[in-house]
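Here is the structure we will look at.
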């Protein structure tokens with residue numbers, strides 16, 4: 545069911561959900577970029593929450609369970625009450641805030657941002673009330689996609705960004721002042737001379753764990769959905785597959801949802817025979833089996849399908865190019 549024409553969800557490891565049955569989406573109007581609240585179940589009218597100047601690239605934000613919203617715009621981190629005043633709370637003196645992604649803690653009092661300055665990349669946790677920032681990492685490779693592990697926010701995830709086929713250490717964590725690679729992509733490979741290419745990871749709400757996609761285009765396998773653990777537990781292939789693209793994990797950890805690079809049942813792997821199509825699949829993490837939920841479009845940002853679970857796990861929402869945001873009750 546279409547719930548928001550011409551609008552898309554925020555990034556999968558962020559959230560737009562608020563209240564008991566509404567979700568905030570992004571709509572690009574000619575005069576402004578607007579964050580709009582729509583019901584994902586039940587009835588109700590759209591409500592414009594925030595209007596910003598037209599953005600030059602896809603726009604993302606994060607909403608905390610306490611109805612605080614955070615986003616990066618104009619080189620600054622902005623945080624405020626959803627539907628209320630949002631103000632800049634922090635910017636770096638010398639570095640440029642990166643990738644327009646931010647993550648809020650569950651209470652909305654802390655925010656995660658990435659920044660860069662030439663070859664230096666850094667991640668920060670910002671105290672929203674005081675505007676003070678703690679440096680989480682500083683590295684000489686492209687690092688971004690900071691996100692709290694909702695099960696235990698003492699774990700913070702981030703990514704070694706770049707072409708997946710060239711990055712052997714994509715998934716990272718920060719914990720207690722130390723950073724570490726969470727998934728050894730060469731150790732899990734069937735061919736130790738090559739690594740499994742992974743990405744689009746999301747940290748879990750049911751466990752200190754992260755679900756990552758081993759892409760169909762990876763030169764080495766096993767390809768599919770991998771659960772990895774920052775506390776030393778061995779990584780597990782939970783659902784083999786040659787076309788997984790993006791993913792999310794249900795709040796109870798029983799299911800994943802994923803979109804695909806092409807029809808799920810098409811011959812080949814990765815983007816071969818993709819034909820501009822993406823399927824949305826429900827994945828049972830106990831046995832790896834899948835159930836087809838929907839067929840949608842495989843398009844460029846911001847129109848990747850990006851399927852996500854509702855906060856109670858009763859529905860999956862995803863994007864469809866040319867239509868908008870779609871909800872699929874489970």
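Residue numbers (this note's numbering): 545 to 874.
Virtual Cβ for every residue (Gly too), placed ideally from N, Cα, C.
Simplified DSSP state of residue i, which is helix, strand or coil
{"i": "residue 829", "result": "coil"}
{"i": "residue 861", "result": "strand"}
{"i": "residue 710", "result": "helix"}
{"i": "residue 847", "result": "coil"}
{"i": "residue 822", "result": "strand"}
{"i": "residue 695", "result": "coil"}
{"i": "residue 655", "result": "strand"}
{"i": "residue 768", "result": "strand"}
{"i": "residue 686", "result": "coil"}
{"i": "residue 868", "result": "strand"}
{"i": "residue 650", "result": "coil"}
{"i": "residue 632", "result": "strand"}
{"i": "residue 873", "result": "strand"}
Closer than 8 Å: residue i CB and nearest the ligand FMN heavy atom
{"i": "residue 766", "result": "This structure does not include the ligand FMN; it has no bound ligands of any sort."}
Own chain residues within Cβ distance below 6 Å of residue i, not counting five before or after
{"i": "residue 789", "result": "803, 804, 805"}
{"i": "residue 725", "result": "713, 716"}
{"i": "residue 581", "result": "566, 568, 591, 593"}
{"i": "residue 783", "result": "768, 769, 827, 832"}
{"i": "residue 773", "result": "753"}
{"i": "residue 633", "result": "621, 623, 672, 675"}
Residue burial classification, residue i (beta-carbon count within 10 angstroms, cutoff 16)
{"i": "residue 663", "result": "exposed"}
{"i": "residue 629", "result": "exposed"}
{"i": "residue 778", "result": "exposed"}
{"i": "residue 854", "result": "buried"}
{"i": "residue 786", "result": "buried"}
{"i": "residue 710", "result": "exposed"}
{"i": "residue 587", "result": "exposed"}
{"i": "residue 641", "result": "buried"}
{"i": "residue 564", "result": "exposed"}
{"i": "residue 639", "result": "buried"}
{"i": "residue 762", "result": "buried"}
{"i": "residue 749", "result": "buried"}
{"i": "residue 886", "result": "The requested residue 886 does not occur in the structure, where the chain is confined to residues 545 to 874."}
Residues near residue i by beta carbon distance below 7 Å, same chain, minus five either side
{"i": "residue 696", "result": "752"}
{"i": "residue 879", "result": "Here the chain comprises residues numbered 545 to 874, so residue 879 is not present and cannot be evaluated."}
{"i": "residue 550", "result": "571, 868"}
{"i": "residue 678", "result": "668, 669"}
{"i": "residue 584", "result": "547, 565, 566, 567, 854, 859, 861, 871"}
{"i": "residue 818", "result": "805, 806, 842"}
{"i": "residue 631", "result": "622, 624"}
Length of the line joining the Cα atoms of residue i and residue j
{"i": "residue 548", "j": "residue 738", "result": "43 Å"}
{"i": "residue 688", "j": "residue 849", "result": "21 Å"}
{"i": "residue 862", "j": "residue 870", "result": "5 Å"}
{"i": "residue 846", "j": "residue 602", "result": "6 Å"}
{"i": "residue 797", "j": "residue 698", "result": "19 Å"}
{"i": "residue 556", "j": "residue 735", "result": "31 Å"}
{"i": "residue 636", "j": "residue 620", "result": "8 Å"}
{"i": "residue 595", "j": "residue 577", "result": "6 Å"}
{"i": "residue 681", "j": "residue 839", "result": "40 Å"}
{"i": "residue 626", "j": "residue 610", "result": "9 Å"}
{"i": "residue 930", "j": "residue 644", "result": "Nothing about residue 930 can be read from this structure; the chain reaches only from 545 to 874."}
{"i": "residue 836", "j": "residue 821", "result": "14 Å"}
{"i": "residue 653", "j": "residue 666", "result": "20 Å"}
{"i": "residue 608", "j": "residue 707", "result": "30 Å"}
{"i": "residue 791", "j": "residue 657", "result": "22 Å"}
{"i": "residue 684", "j": "residue 589", "result": "47 Å"}
{"i": "residue 856", "j": "residue 702", "result": "25 Å"}
{"i": "residue 741", "j": "residue 727", "result": "11 Å"}
{"i": "residue 851", "j": "residue 722", "result": "31 Å"}
{"i": "residue 844", "j": "residue 823", "result": "15 Å"}
Sequence-distant residues of the same chain with beta carbon closer than 8 Å to residue i, five excluded per side
{"i": "residue 605", "result": "554, 558, 560, 568, 570, 579, 613, 614, 615, 646"}
{"i": "residue 775", "result": "752"}
Neighbour flag for residue i against chain B, beta carbons, 9 Å
{"i": "residue 618", "result": "Here chain B cannot be found, since the structure has a single protein chain."}
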